[in-house]
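Asks: Under the working numbering, think of the first position of the sequence shown as 51, with each following residue one higher.
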Amino acid sequence: AEFPRLCESLVAQGKRVIVAGLDLNFRGEPFGPMPMLLALADEVVKLSAVCTVCGAPATRSQRLVDGKPATAGPEILLGGLESYEPRCRDHCLAP
51 AEFPRLCESL
61 VAQGKRVIVA
71 GLDLNFRGEP
81 FGPMPMLLAL
91 ADEVVKLSAV
101 CTVCGAPATR
111 SQRLVDGKPA
121 TAGPEILLGG
131 LESYEPRCRD
141 HCLAP
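(1) Within a Cβ cutoff of 6 Å, which residues of the same chain sit near residue 119, ignoring the five residues on either side of it in sequence?
(2) Starting from the C-beta of residue 73, find all residues in its chain whose C-beta is less than 8 Å away, skip the five residues before and the five after it, and write them out in chain order.
(3) Residue 107: buried (16+ other C-beta within 10 angstroms of its C-beta) or exposed?
(4) Measuring straight from C-alpha to C-alpha, what distance separates residue 61 and residue 116?
(5) Would residue 101 count as contacting chain C if we go by Cβ distances under 7 Å?
(6) Give the straight-line distance between the Cα atoms of residue 125 and residue 71, rounded to the nearest whole angstrom.
(7) What runs of the alpha helix (DSSP H), each 4 residues or longer, lie entirely inside the region 53-99?
(8) Among 76, 68, 69 and 63, which residue has its Cα nearest to the Cα of residue 114?
(9) For residue 103, which residues in the same chain have their Cβ closer than 7 Å to its Cβ, ignoring the five residues on either side in sequence?
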C-alpha cells in the first residue's frame, strides 16, 4: 500500500493527484493498489474501451495467447494488442 500512502501524502500537501489504471486483472479480480486508491479518491471517473467482439462498453481485459483467450498465467504479463484486448462482461472469458 505504498502508492496509496504516497497519493494521500501529496493530497495532504495540497497537490492535485490524478491516477489512471486498470481496476481488474485479466481474471476479473481487483488489481494491485486500485481498490485502495478508489476507496481513498474524492472523485472517480471510470472510463471504458469498446469490446472488440460486439462494440459494447468494455470493462474487462481479455488476455490472449496465440490470438486465443487465455484463462491462466501470471497476473502481470507485459504486452500490447497482441496480448490483451478490451471486452465487455459478456465476451470476456475469465478463469
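Note that CB positions come from ideal geometry on N, CA and C, so glycine has one too.
Note that the structure is a prediction, hence the values are computed from the model and not measured.
Replies: Well, looking at it:
(1) Cβ within range, chain order: 112 and 143.
(2) By the criterion of a C-beta distance shorter than 8 Å, residue 73 is surrounded in its chain by 80, 81, 84, 85, 88 and 96, once the five residues flanking it on both sides are discounted.
(3) Burial call: exposed.
(4) As the crow flies, the alpha-carbon of residue 61 is around 43 Å from that of residue 116.
(5) Structure shown: chain C not included; a single protein chain is present.
(6) The straight-line gap separating the alpha-carbon atoms of residue 125 and residue 71 is approximately 15 Å.
(7) List check, alpha helix (DSSP H) in window: 84-90.
(8) Checked all of 76, 68, 69 and 63; the closest Cα to residue 114 is 76.
(9) Result list for residue 103: 137 and 141, in chain order.
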